[in-house]
Every structure is written in C-alpha cells, then in structure tokens.
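Numbering (our numbering), first residue to last: 26 to 164.
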C-alpha cells in the first residue's frame, strides 16, 4: 500500500486500452512517407485485395470461410472476412474494411463492407439486407 506522499509524488496511471482493430488507428503521411497514429482512429479504411482465399475455422466448427488479404491505404496488410453467400472479389478489387472479429477464425479481426466499391451485395437476400448491401427485392 503506497503512502500519501508516494501518491502525491507519482499518482496512479490508468493502463491504456489496447485497440481491437489497430490498422484503423493509422493513416499514411505522404510527406514523411510513413504511417502516423490517429487520435480516435477511423471507422472504415479503403484497401486493395492482394489475395482472396479460404480458411478453416477453429475446433468445433467445420467450413471453408472466405477471407481476403487486403493492403490498406495506410500501408498495413490485414486479413478481412467476406461475409454472406457468394462474392465477386478477386485480386486488385478495391474494398472498404471495418473492425469486428470473426469468432472462429483466428487472425481475422476485420470485415469487408458488402455493397461498397468493388464488392457487390449478397444476391437474393430477403432479411437483414442492410449488413449485406442487398437491394430491396422488386414485388
């Protein structure tokens, strides 16, 4: 237990919280030619797909989950999950990503936004269309 004098000399510091989406915290400074940390971070980032592939999930689950390796505008390379059934992504597709991990895929802490830039929305989706960039079906 510290004394009052010790606390006056050096007060307690609250530990800094670690970001769950660290690639969104940086932007690229083209004058200094390096990544610079942003104060609050960004909600989304744009990037280019380097590789589109599949990955198997952790133990109790079994599937081939679709992921993409994306190089962001701040120079960082990340793995992002392509949600929904079917996609049109390939190498050099431009996409936006947002933070949010996939629980059964280790090392995939980002999602690709459907229906934005080169990534089409999910076809034939009737419910929960907003998250998948699907248009309202004609009646």
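Backbone N, C-alpha and C fix where the C-beta goes; we use that ideal spot for every residue, glycine too.
Would DSSP call residue i helix, strand or coil?
{"i": "residue 48", "result": "helix"}
{"i": "residue 114", "result": "coil"}
{"i": "residue 54", "result": "strand"}
{"i": "residue 86", "result": "coil"}
{"i": "residue 34", "result": "helix"}
{"i": "residue 29", "result": "helix"}
{"i": "residue 96", "result": "strand"}
{"i": "residue 59", "result": "strand"}
{"i": "residue 156", "result": "helix"}
{"i": "residue 122", "result": "strand"}
{"i": "residue 80", "result": "strand"}
{"i": "residue 71", "result": "strand"}
{"i": "residue 107", "result": "coil"}
{"i": "residue 164", "result": "coil"}
{"i": "residue 102", "result": "strand"}
{"i": "residue 42", "result": "coil"}
Report the option in the options whose CA atom is closest to the CA atom of residue i.
{"i": "residue 37", "options": "104, 89 and 26", "result": "26"}
{"i": "residue 120", "options": "53, 145, 163 and 35", "result": "145"}
{"i": "residue 99", "options": "110, 135, 136 and 61", "result": "61"}
{"i": "residue 139", "options": "88, 87 and 69", "result": "69"}
{"i": "residue 66", "options": "73, 52, 79 and 56", "result": "52"}
{"i": "residue 47", "options": "103, 58 and 111", "result": "103"}
{"i": "residue 63", "options": "57, 54, 50 and 101", "result": "50"}
{"i": "residue 111", "options": "128, 79, 56 and 31", "result": "79"}
{"i": "residue 84", "options": "128, 135 and 137", "result": "128"}
Contact defined as beta carbons within less than 8 Å: I believe residue i pairs with residue j. What is the distance between those atoms, to the nearest angstrom?
{"i": "residue 122", "j": "residue 95", "result": "6 Å"}
{"i": "residue 157", "j": "residue 130", "result": "18 Å between Cβ atoms; not a contact."}
Does the distance from the C-beta atom of residue i to that of residue j stay below 8 Å?
{"i": "residue 115", "j": "residue 147", "result": "no"}
{"i": "residue 75", "j": "residue 133", "result": "no"}
{"i": "residue 154", "j": "residue 161", "result": "yes"}
{"i": "residue 15", "j": "residue 45", "result": "Absent from the model: residue 15. The displayed extent of the chain is 26 to 164, so no value can be given."}
{"i": "residue 97", "j": "residue 124", "result": "no"}
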